[in-house]
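The next block holds one structure in the form of structure tokens; read it before the comments.
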Amino acid sequence: MIPFDYHRALDTRSAVETVAAHPHATFLAGGTNLVDHMKLGLASPDLLVDVSRLPLDRVEILQDGRVRIGATMRNSDAAAHPLIRARYPALSCALLAGASAQIRNVATVGGNLLQRTRCGYFQDLTTPCNKRSPGAGCAAIGGYTRDHAILGTSPHCIATHPSDMAVALAAFDADVVVLGGHGERRVALTHLYRLPGTSPHRDTVLEHGELITGVELPAIPVARHSTYRKVRDRASYAFALVSVAAALAIEDGLITDARVALGGVAHRPWRAYTVEAELRGHPTSEKTYRRAAGAELSEALVHTGNAFKVPLVTNTLVAVLRELAWRQSGPPPAS
Amino acid sequence: MSDWPLSNALPRSTRSEPIETSLKLRVDGEHHELTVDTRTTILDALRDRLGNTAAKKGCDHGQCGACTVLLDGRRALTCLALAVAHDGATIVTAAGLAERDELHPMQQAFLDHDGLQCGYCTPGQICSAVAMLEEFAAGHPSAVTGGDGPMELTREEIRERLSGNLCRCGAYDGIVAAVRQVTGL
Chain A
1 MIPFDYHRAL DTRSAVETVA AHPHATFLAG GTNLVDHMKL GLASPDLLVD
51 VSRLPLDRVE ILQDGRVRIG ATMRNSDAAA HPLIRARYPA LSCALLAGAS
101 AQIRNVATVG GNLLQRTRCG YFQDLTTPCN KRSPGAGCAA IGGYTRDHAI
151 LGTSPHCIAT HPSDMAVALA AFDADVVVLG GHGERRVALT HLYRLPGTSP
201 HRDTVLEHGE LITGVELPAI PVARHSTYRK VRDRASYAFA LVSVAAALAI
251 EDGLITDARV ALGGVAHRPW RAYTVEAELR GHPTSEKTYR RAAGAELSEA
301 LVHTGNAFKV PLVTNTLVAV LRELAWRQSG PPPAS
Chain B
1 MSDWPLSNAL PRSTRSEPIE TSLKLRVDGE HHELTVDTRT TILDALRDRL
51 GNTAAKKGCD HGQCGACTVL LDGRRALTCL ALAVAHDGAT IVTAAGLAER
101 DELHPMQQAF LDHDGLQCGY CTPGQICSAV AMLEEFAAGH PSAVTGGDGP
151 MELTREEIRE RLSGNLCRCG AYDGIVAAVR QVTGL
């Protein structure tokens, strides 16, 4: 780890100005990903601007009914907040599915969004990686791909985004509030993350010096009927092989609204618009769910090591939708 | 590769002189003032500077939980926490849980139920378990209880809530039994 200077930010504006003025500066919040990357040699900032004590650690209801979660709120506090649990249960579930209690106690909402891929090749300085060293090549393609993407990949990168929280936020049309040198802007969470294309070293659309100050969730009633399911190689404390965040509204056996996002399948949380379109107006049945999954995954590009993700996403999605339908309508009568 | 814009080269700093900083920590009831390199983690400050070796260095990458302490009242990993960012913090290690010669009930329960073999993960396990019971009492949900479920400290619930502490000896059954003893189950 190279030596670095440390500056504790007193307010968001000076934090942004300080990082913007230093090309090798970066924001520090919980540090659970950044400090690890500094140890691994993946990040070499010469100045850390600590934003973890800024007063952004609250959940608020805005006048128009939206819910704002401050960027420095700890993951554990966000997961336990009564408003989040009641209005966006999938978000609480997703937060609780991520990391361990110790890490959730420290990791912030903003930091969770900006954590980087756990692709083993990205984290291993001895292997080529276009995300780490643009133009070096991708060791994952043709290598061990069990953890890698099947949707939206490029010939340059097949890494996945690791956040669980971001998958639930993608399903609920959350906006990310960003402060930069030219003031505040809102970025739809589904547009925050880039697909790898020819520049996989850029995870997001944020510019150097831009600071996430919060996340805003719209008031969508369907979100109350939502959940998150994560499938992984051990029961807890592991990243997702695949995950599903979903919300379902049902009237008279027909699906009137659906929100679905997938994790562990792409370079960003994958909002499954095709699934949603295939569900709306159709009856709650396994046939509907399977057809919807098949339509979304028709363009999946698999490798030898991750081909299992196509049936795994399908089965997980079916299980989640069935559970949500049963919760609202009760299970079908035994035959 | 021709389609890589040259401007995409990753910024990399080359700073080489160490930078030192002064800070205060309260550890197991004692106040300390120390000057550290900004790169120092709380774990290294505790072990190498203050001689408190209760928290253990296992993976040093936030994957094993051996370095868990109570940091300002919450369980946290000290290997991923920079000391400079926690100036003024109050830290309780497993060594600070005992009252004089009397073990904390969780420490005694680990002995009673063989909640350890080699013991390397034990200080982290015990800090984690003590904090976990406080979180449970405060109504914090887990992935087992989900966003909105009944709160009962089942074996499955304990395992989930302590999943951030690995034990390579595999003393998990004893650890779960120890936690249940403390809760009166």
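As given, the protein sequences belong to chains A and B, one line each in that order.
Residue numbers for the first sequence follow the working numbering, so the first one is 1 and each next one is one higher.
Residue numbers for the second sequence follow the working numbering, so the first one is 1 and each next one is one higher.
All C-beta atoms, glycine included, are put in the ideal place defined by N, C-alpha and C.
Around the beta carbon of A:Ala-219, fewer than 16 other beta carbons lie within 10 angstroms, which makes this residue exposed.
The alpha helix (DSSP H) runs lying completely inside the stretch 274-333 of chain A and spanning 4 residues or more are 286-296 and 309-329, given in chain order. Looking at the backbone, the Cα of A:Pro-82 and that of A:Gly-305 are separated by about 40 Å. Remark: fewer than three beta-carbon pairs, one from each stretch, lie closer than 8 Å, so the stretch 54-72 of chain A and the stretch 124-137 of chain B are not flagged as touching.
Using a Cβ-Cβ distance cut-off of 8 Å, the stretch 83-95 of chain A and the stretch 160-179 of chain A are in contact, since at least three pairs of beta carbons, one from each stretch, lie closer than that value. For A:Asp-36, the residues of chain B that pass the 7 Å Cβ criterion are His-61, Gly-62 and Leu-80, in the order they occur in the chain.
Taken in chain order, the complete alpha helix (DSSP H) segments of 4 or more residues contained in the stretch 152-211 of chain A are 165-171 and 189-192. Each of A:Leu-10, A:Thr-26, A:Gly-41 and A:Asp-46 was checked against the Cα of B:Glu-17, and the nearest Cα belongs to A:Asp-46. Ranking A:Leu-113, A:Glu-210, A:Gly-143 and A:Asp-57 by CA distance to the CA of A:Glu-17 puts A:Glu-210 first. Using beta-carbon distances, B:Pro-123 does not count as an interface residue toward chain A, since no partner is under 8 Å. Buried is the label assigned to B:Cys-67, since at least 16 other Cβ atoms lie within 10 Å of its Cβ. Of the residues assessed, A:Ile-61 falls on the exposed side of the cut-off, its CB having fewer than 16 other CB atoms within 10 angstroms. Chain order gives the chain A residues near B:Ile-19 as Pro-3, Phe-4, Asp-5 and Tyr-6, where near means a beta carbon separation below 9 Å.
Going by C-alpha positions, B:Gly-124 is about 11 Å away from B:Thr-53.
At a cut-off of 8 Å between beta carbons, A:Gly-31 contacts chain B.
Note on geometry: alpha-carbon atoms of B:Ala-129 and B:Val-179 lie some 7 Å from one another.
Judged by their CB atoms, A:Val-177 and A:His-191 are not nearer to each other than the 8 Å cut-off. Taking 8 Å as the CB threshold, B:Met-132 lines the interface with chain A. A:Asp-257: member of the beta strand (DSSP E) spanning 254-263, first to last residue.
Looking at the DSSP output, A:Phe-27 sits in a beta bridge with A:Val-49.
Only buried fits A:Leu-324, as 16 or more other CB atoms lie within 10 angstroms of its CB.
Straight across, the Cα-Cα distance linking A:Gly-181 with A:His-22 is about 13 Å. Per the Cβ contact rule, the stretch 113-132 of chain A is in contact with the stretch 24-41 of chain A (3 or more Cβ pairs under 8 Å). For chain A, the residues of the stretch 20-53 of chain B that bring a beta carbon within less than 8 Å of one of its beta carbons are Thr-21, Asp-37, Thr-38, Arg-39 and Thr-41, in chain order.
Nearest to B:Glu-160 by alpha-carbon distance, out of A:Ala-101, A:Arg-268 and A:Phe-4, is A:Ala-101. Nearest to B:Leu-166 by C-alpha distance, out of B:Phe-110, B:Glu-33, B:Gly-62 and B:Leu-50, is B:Gly-62.
Proximity to A:His-161 across A:Val-242, A:Ser-14, A:Ala-266 and A:Ala-15 peaks at A:Ala-266, based on C-alpha coordinates. For A:His-37, the enclosing alpha helix (DSSP H) has its first and last residue at 34-40. Cβ neighbours of A:Asp-11 within its own chain (closer than 8 Å, five residues either side excluded): Leu-54. Scanning its chain for C-beta atoms nearer than 7 Å, with the 5 sequence neighbours on each side dropped, one finds around A:Gln-115 the residues Asn-33, Pro-162 and Ser-163, in chain order. Residues of the stretch 85-104 of chain B that bring their beta carbon within less than 9 Å of a beta carbon in chain A comprise Ala-85 and Asp-87, in sequence order. Straight-line spacing of the CA atoms in A:Ile-250 and A:Gln-328 works out to 8 Å. The C-alpha of A:Val-35 is placed about 12 Å away from the C-alpha of A:Ala-107. Where A:Glu-251 is concerned, the enclosing beta strand (DSSP E) starts and stops at 242-251. Considering only A:Arg-232, A:Val-302 and A:Val-313, the residue with the shortest C-alpha distance to A:Ala-293 is A:Val-313. Taking a C-beta cut-off of 9 Å against chain A, the contacting residues of the stretch 162-177 of chain B are Leu-162, Ser-163, Gly-164, Asn-165 and Leu-166, listed in chain order.
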